[in-house]
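The structure appears right after this line, and notes come after that.
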Amino acid sequence: MPELRFPPDARVRLRFVNAGAHPVNWVSVDEHELYIIEADNTPTLPVPVHRISVVRAPSPTTYSGVLLTSGRRIGDSFYLRAQINTACFGAGFPDLDPQTPLIFRIADEGHRLAKTLPRSRDWNDPTTGNCTDLDETVVVQHAPPQAEQISVFNSSRIGPLTTTDEAGLSDGISFLEWTLNNITYENFAYTPLLHQIVRGEDPNTGRIALITAWNVETVDIVIQNLNGPEHPFHLHGKPFWIMARSQGSVGPETIASLDLNTYNPLLRDTLGLPSGEWVLIGLVADVPGVHAFHCHIVFHQAQGLFGALMIQPDVIRKLQDPGGELP
Ligand SMILES: [Cu+2]
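Under the working numbering, residues 1 to 327 are what the sequence shown spells out, in order.
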């Protein structure tokens with residue numbers, strides 16, 4: 001029987017994906033509540049349940065359940081059960097064993113453990129009777145917490161400019177440049193920003209608009225499209241909540257007192273920002289890395305409309321550079 005091993009006094013995140021063909025599978029861990037913290041990549045408020053119903057939709061749905069191994073001892077073991085809800089079948093399948101168990105064992109590096117079978121007991125909650133999904137009302141989207149940092153990306157156009165020949169005279173080819181916080185990004189082709197950080201260098205903030213979150217913190221970012229066409233702005237690494245947007249522009253005093261929508265705001269990774277409008281997005285910066293922020297019209301990006309959100313550079317510096325050529 002397959003086995004998963006986890007240390008005592010740990011918070012264990014299990015991500016469940018129904019990759020099968022059957023619509024409703026219950027998953028549970030004997031004698032441990034699962035705190036649902038994510039549904040289909042949307043963060044949710046932690047809510048304890050005995051079983052999670054993982055539905056097979058056109059694409060697999062996912063849930064993350066966290067369980068606590070506090071109070072458990074090395075060698076304790078429990079069943080993690082996936083159980084088909086047989087009420088969803090139109091006809092009976094008498095030979096079907098609807099349950100697939102695996103062993104969830106408390107272990108650490110230093111102990112050799114006997115492969116005994118658990119004596120744990122399943123929850124009493126029914127797994128059949130109705131072909132129903134998890135009660136959705138128990139799953140509540142995680143509301144954005146109060147921001148610990150508010151930063152700004154101001155987007156502007158420069159130009160049209162014209163190219164010049166060697167004598168410095170215009171040769172008539174017209175082009176635009178785009179800026180974020182008055183910086184037109186030019187790529188670091190031979191020294192990517194991430195490598196600079198890993199090597200302990202300080203990035204040249206004259207060459208890239210950079211927002212830094214030193215710790216795990218809630219970051220609000222105001223993006224303003226001062227004089228461009230609509231830009232589809234895209235952030236890597238972390239989806240963001242869209243919490244306010246309007247026409248015009250906002251200054252530092254106004255930003256602090258904006259009326260934000262914290263009730264069920266839309267979570268996205270790209271947004272369209274029309275000319276002369278601003279938007280406030282929020283995210284929890286908890287993914288260490290250098291995450292690109294750019295206009296997704298690729299020639300605008302190539303013309304400089306590109307910045308980055310750097311999260312936890314001190315953590316990045318402790319990562320091991322795998323070396324060699326990346327694929
Ligand atoms: Cu653009």
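Think of the CB as a built atom: it goes at the ideal place given N, C-alpha and C, for glycine as much as any other residue.
Since this is a predicted model, take the numbers as computed values, not measurements.
Reduced DSSP secondary structure (H/G/I, E/B, other) of residue i
{"i": "Asp171", "result": "strand"}
{"i": "Pro118", "result": "coil"}
{"i": "Gly137", "result": "The sequence given here has Thr at residue 137, not Gly. If DSSP states are grouped into helix, strand and coil, Thr137 belongs with the helices."}
{"i": "Asp220", "result": "strand"}
Span of the alpha helix (DSSP H), counted from its first residue to its last, around residue i
{"i": "Gln196", "result": "193-198"}
{"i": "Val298", "result": "298-302"}
Residue i, enclosing beta strand (DSSP E) - first and last residue
{"i": "Phe78", "result": "77-84"}
{"i": "Gly206", "result": "First-last for Gly206: undefined, no H or E at that position."}
{"i": "Leu96", "result": "Where Leu96 is concerned, there is no enclosing beta strand (DSSP E), given that its DSSP letter is neither H nor E."}
{"i": "Leu4", "result": "3-6"}
Bridge partners - residue i, DSSP secondary structure assignment
{"i": "Leu309", "result": "Ile211, His291"}
{"i": "Val17", "result": "Thr62"}
{"i": "Glu177", "result": "Ile158"}
{"i": "Phe104", "result": "Leu4, Phe78"}
{"i": "Gln149", "result": "Val219"}
{"i": "Val12", "result": "Leu67"}
{"i": "Thr164", "result": "Ser170"}
Proximity below 9 Å, CB of residue i to CB of residue j
{"i": "Pro101", "j": "Arg81", "result": "yes"}
{"i": "Ser347", "j": "Arg5", "result": "Nothing can be reported for residue 347, as the shown portion of the chain is limited to 1 through 327."}
{"i": "Pro43", "j": "His142", "result": "yes"}
{"i": "Val24", "j": "Asn124", "result": "no"}
{"i": "Leu193", "j": "Lys238", "result": "no"}
{"i": "Gln407", "j": "Val219", "result": "Lying outside 1 to 327, the shown extent of the chain, residue 407 is not represented and no answer is given."}
{"i": "Asn154", "j": "Leu180", "result": "yes"}
{"i": "His50", "j": "Leu67", "result": "no"}
{"i": "Ile255", "j": "Val152", "result": "yes"}
{"i": "Thr69", "j": "Arg11", "result": "yes"}
CB contact below 9 Å: residue i versus chain D
{"i": "Met310", "result": "No chain D is part of this structure, which consists of one protein chain only."}
Could you tell me which uninterrupted alpha helix (DSSP H) segments, each at least 4 residues in length, are contained entirely in the stretch 223-295, listed from first to last along the chain? 252-256
Which runs of the beta strand (DSSP E) fall wholly inside the stretch 24-73 and span at least 3 residues, in chain order? 24-29, 34-39, 42-49, 52-55, 62-68
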